[in-house]
Every structure is written in structure tokens, then in C-alpha cells.
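Okay, structure first, notes after.
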Amino acid sequence: MIEMSDFIASGFPVRRKRWFVDNAFLCDRLNSEHPRRIVRQGYVAPGRRAVSQPKSILLIIGGGVAAYKALLLIRLLKGHGVGVRAVLTTGGAQFVTPLSVGALSGEKVFTDLFDLTDEAEMGHIQLSRAADLVVVVPATADLMAKMAGGHADDLATTLLLATDKDVLIAPAMNVRMWEHAATQANLATLIARGVGVVGPDEGDMACGEYGPGRMAEPEVIFAAIMARLDGGARDLVGKRIIVTSGPTHEPIDPVRYIANRSSGKQGNAIAAALAARGAEVVLVSGPVRLTPPAGVTVQAVESAREMLAATMDALPADAVVCAAAVADYRVAEVADQKLKKADGSNGRTLTLVENPDILKIVSKLPFGDRPALVVGFAAETHDVIAYASAKRVRKRCDWIVANDVSQGVFGSDDNRVTVIDDAGAEDWPSMGKDAVADRLAERIAKALTG
Ligand code: CTP
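Quick note on this note's numbering: the sequence shown kicks off at 15 and runs consecutively.
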């Protein structure tokens, strides 16, 4: 039986009521005879799917309130036959005890680089390489900074520097710390080196603020670990890819704009799928109501001209995927005050001018500046293949992903596309937008890596 006191090391600030609520909830979950079925990120049920070969992870528990979630994660992993050897940082030990971590993992818990007994039993180099995957939960701002800077001043950072295995981190920190340019630069560095990132989520935080920075739930981290252990492809490490996504808003006056129905779901899914394969992804997104995918740099824009500028700024890149539904026209003269109805007038005429075509501009960049692969989308309501093929030639992109938007694709989770390239048209069956994104990412990886 696991008691709440097991999680709380001496000195923990007991005034935090929410912490106890969380811990009581966690105790219930850990003591349950029937651990929750995993339904997120496609992971289905305990016992249904275990990793084919016995696998093990090295779990580094950082110093943050979210450290308690590491205990549930250990339970989930052990329940699916994954070995867990845990390392508690000094900060981590302020939030969970070696005793509870050891009880759940069934293994000795490593806490200090200079513990001579540990060094005699297993050197830190061996410890860093014995596992199939290294997972950092929670990855605090400090741990991420140390990883990015190559520090090795305690056991956890030494192991992270010495390992030759894949590393997956689950960041958790205050929203301002997460959004700070230093953290975002460290994140970009880690992603560029192939470190996998799961979360953070957006929501209420222990510090009372709201926003991105809350650690992903244990089930989500668990699913990401299982995907890694199952050998998810990492064939885009070292590649930089720009994805445009969502609609654009073209202002009429300070309160009105021209827009379209794009939800940005397909573009977001493509960015996430490319990042999952290790690409460094810049997502240039028009206004959408979506949480940005983890591990992706987001440039939020409003208008077509801003989208063009952000895309050009993000170059050079190995590939550009133009999934945005860019407004073809903008108002010639944007009123700087709200337009008023004129009494007795018979309607109003707006003069529209054409927006720059981002896809065409990128495709026509001179050799050397042009990304090796440029992918466009063609949303059509009729004569889909004919219009899309003509668009590919006119805009000089390499592939065009054509979809029929006559039947409720906007906002839906499914899509049915035809990918057109030099070799012809490839019809894909109707599938979820995530699946379209995965398949497209796989095709892009093959094209870029031969
Ligand atoms: N596109 C773009 N910039 C624009 C217009 C379109 O980058 N100003 C890109 C879209 O992101 C998409 C492709 O071009 O990848 C085709 O977009 P679509 O709206 O279907 O084509 P249009 O050229 O606007 O043609 P039409 O609206 O007449 O079908």
C-alpha cells in the first residue's frame, strides 16, 4: 500500500492544498487494482500491447512539483514490462523520496555522482548506456539549460552528457519560465540535437498561473516512451522544415477582417509528425484555436503578408510545407478607424488587391536558396485533380496535396487527399488528419534522406 507520506520528503511546503489533493488522487490511482486504461495518443490498454523485447529506461526525476507524476509513470512502465532505473536529482528528492521511487521501480535509486558504492557497482558511463532510452521527468528550466549547455555537475547531468541513447524530456515549469527566450533557445538546441519533447500542456499551474508549462500527464509521457521503445522513426534529425498553417486574417478596419474556414488542424498535425521524426520545425501559423504541438517553434501571424515575412525569415530550410489557407486578397486600404454605416447609402464597395503567393515565391527561389522540397496544398470543391495538377505546375512546387473540401473537411478530424508529384497522382484513403500527417512526414523523410 502506498501512503501519501511516501511522496513527501521532509521540508516540502505543506501549505499547498492542491498538492495534497493531487497526491490523494495519485495514491488512489497507484493503489487501484485496475490501473486506468490508456486511451490517449493511441495507446490502448494494459496487457494488450507490450514492447516486443524486454526494454528498460533510465528515468531522471528533476526537481519540480510535477515530480510526483513520475511515480505513476514508473507504475505504468513496470506494468507493461519496461524496466525502470531511476536517478533522483537533489531537487527531485525534495518532492519524492528515494524510498517511494525504489519501491515502485523495484531497483536501487541513484542519487549522487560521488556515491562510491554506486561507482563501484556501476560507473556512471555504464549507467547512462545500459538503458534503451533516457527520460527526464520533469525537465525543469534548469535541467534543460544544463543539457543545452553540456553541463555535468551532478549525476543526472553527467548521465545526460555521457549517454549514447535517445533522450526524451517532459518539460514542466512556470509559464513565464517556459516562454522565456532562454528556455525557448535551449529547447530549440535540444530539439536540433534530436532530443524528443513531450508536452508541456496548457492549464492551471501549481504556482497559480495559467498557460503552457504544466507537465504532460503520465499516460501521455508513457505513450511517447512506448512509441520510442517500439522504434518510432527518427529519420528527420538535422533537417529544418517550415510549415505554414491555418487561415490568414486580412484587416478591413480595426474591428473587421476577411478570413476563411481553415482550422489549422492539418498543418498542426504535419508540424507535430515532422517534429516526432526529429525535424527542427518552424510552424508559421495564422490565427487558430489550437494548442501548438510540442517541440515546434511557432511564429504566430495574422495576415498573408506577415505569413510571407515569417516564412522568409525562417529560411533556409530543407523543406517547406504550405498547408495554410492564405487569403488570396486583402483590402487595398485598411481603414484606421471603424467604418460606419452611411445613412441612406446603398451598400459599400471594398477594393481588394491580390496577396503575395507564399508557395510560389518559395518555389521560385534561386537554386541554393530554394528548399530541396516544396509541398503545396490544393483545397478544391470540384475538378480536384485537374485544378491541383495545374496549380502544381503554375506554382512550381514539387508536390501538391489535393483535397476535396466540398464535404465538411474544415474543422473535421478526417481528410482524404491525393498527393501529386512528377510521377503522377497517389490517392490516399480517407483517414484522420494525424494519419495523413504521419504518412506525409514519412514521404518527406524518404525524399530528403534518399
Ligand atoms: N498559397 C500561398 N499563398 C497564397 C495563396 C496560396 O502560399 N497567397 C498556397 C497555399 O498554402 C496552398 C497553395 O498555395 O499550399 C494553394 O492554395 P489555394 O488557395 O488552393 O490556391 P490559390 O492559388 O489561392 O488558387 P484558388 O484559390 O484560385 O484555387
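Glycine is no exception: its CB is placed at the ideal position from the N, C-alpha and C atoms. Just so it is clear, the structure is predicted and the values come from calculations on it, not from any experiment.
Bridge partners - residue i, DSSP secondary structure assignment
{"i": "Trp413", "result": "Val389"}
{"i": "Ala313", "result": "It should be pointed out that residue 313 corresponds to Gln in this sequence rather than to Ala. Per DSSP, Val298."}
{"i": "Tyr224", "result": "Asp218"}
{"i": "Phe124", "result": "Val101"}
{"i": "Arg344", "result": "Val367"}
{"i": "Arg457", "result": "For Arg457, which the question treats as bridged, DSSP gives no partner whatsoever."}
{"i": "Met187", "result": "According to DSSP, which records beta bridges pairwise, Met187 is partnered with nothing at all."}
{"i": "Ile235", "result": "In the DSSP output, where bridge partners are listed per residue, Ile235 has none listed."}
Backbone CA spacing between residue i and residue j [nearest angstrom]
{"i": "Ala308", "j": "Val98", "result": "24 Å"}
{"i": "Val298", "j": "Ala283", "result": "13 Å"}
{"i": "Asn429", "j": "Asp168", "result": "49 Å"}
{"i": "Cys41", "j": "Ala84", "result": "Low confidence applies to Cys41: its pLDDT is 40, below 50, so where it sits in the model is not reliable, and the reading given next is rough at best. The alpha-carbon atoms of Cys41 and Ala84 are separated by roughly 13 Å."}
{"i": "Ala459", "j": "Lys279", "result": "21 Å"}
{"i": "Ile414", "j": "Leu454", "result": "11 Å"}
{"i": "Ala195", "j": "Ala117", "result": "39 Å"}
{"i": "Asp383", "j": "Arg254", "result": "14 Å"}
{"i": "Ala449", "j": "Trp442", "result": "10 Å"}
{"i": "Ala324", "j": "Ala206", "result": "20 Å"}
{"i": "Ala386", "j": "Val251", "result": "16 Å"}
{"i": "Leu137", "j": "Ala176", "result": "The question names Leu, yet the displayed sequence has Gly at residue 137. In a straight line, the C-alpha of Gly137 is about 11 Å away from that of Ala176."}
{"i": "Ala202", "j": "Arg362", "result": "48 Å"}
{"i": "Arg366", "j": "Leu86", "result": "The amino acid occupying residue 366 in the given sequence is Leu; Arg does not appear at that position. Rounded to the nearest angstrom, the two C-alpha atoms are 57 Å apart."}
{"i": "Ala80", "j": "Ala199", "result": "23 Å"}
{"i": "Val189", "j": "Gly225", "result": "6 Å"}
{"i": "Asp371", "j": "Ala451", "result": "23 Å"}
{"i": "Met445", "j": "Val419", "result": "14 Å"}
CB-CB length for residue i against residue j, believed under 8 Å
{"i": "Arg406", "j": "Ile434", "result": "6 Å"}
{"i": "Val389", "j": "Val312", "result": "The pair is not a contact, with the Cβ atoms about 19 Å apart (cut-off 8 Å)."}
{"i": "Gly281", "j": "Thr258", "result": "7 Å"}
{"i": "Leu113", "j": "Ala162", "result": "Contact doesn't hold; Cβ gap of about 32 Å is too wide."}
{"i": "Lys447", "j": "Asp427", "result": "6 Å"}
{"i": "Arg344", "j": "Glu264", "result": "4 Å"}
{"i": "Ala339", "j": "Asn417", "result": "Their Cβ separation, rounded to whole angstroms, is 11 Å, which puts Ala339 and Asn417 out of contact at 8 Å."}
{"i": "Leu141", "j": "Leu173", "result": "6 Å"}
Residue i and residue j closer than 8 Å at C-beta
{"i": "Val96", "j": "Lys69", "result": "yes"}
{"i": "Leu147", "j": "Leu243", "result": "yes"}
{"i": "Gly217", "j": "Arg228", "result": "yes"}
{"i": "Phe109", "j": "Tyr82", "result": "yes"}
{"i": "Asn360", "j": "Asp342", "result": "no"}
{"i": "Ala400", "j": "Ala392", "result": "no"}
{"i": "Cys411", "j": "Leu462", "result": "no"}
{"i": "Ala286", "j": "Val315", "result": "no"}
For the 8 Å Cβ check, are there 3 or more pairs between the region 268 to 275 and the region 334 to 349? Taking 8 Å as the limit for Cβ pairs, the verdict is that the region 334 to 349 does touch the region 268 to 275.
Would you say the region 102 to 117 touches the region 194 to 213, given that touching needs at least three Cβ pairs under 8 Å? Taking a cut-off of 8 Å for Cβ pairs, the region 102 to 117 and the region 194 to 213 do not touch, as fewer than three such pairs fall below it.
Tell me, please, whether the region 179 to 192 touches the region 146 to 160 by the rule of three or more beta-carbon pairs shorter than 8 Å. Taking a cut-off of 8 Å for Cβ pairs, the region 179 to 192 and the region 146 to 160 touch, as three or more such pairs fall below it.
On the three-pair Cβ rule with 8 Å, is the region 321 to 331 touching the region 285 to 293? no
At least three beta-carbon pairs within less than 8 Å, the region 371 to 387 to the region 299 to 306: no
Does the pairing of the region 73 to 88 with the region 138 to 153 give three or more beta-carbon distances under 8 Å? yes
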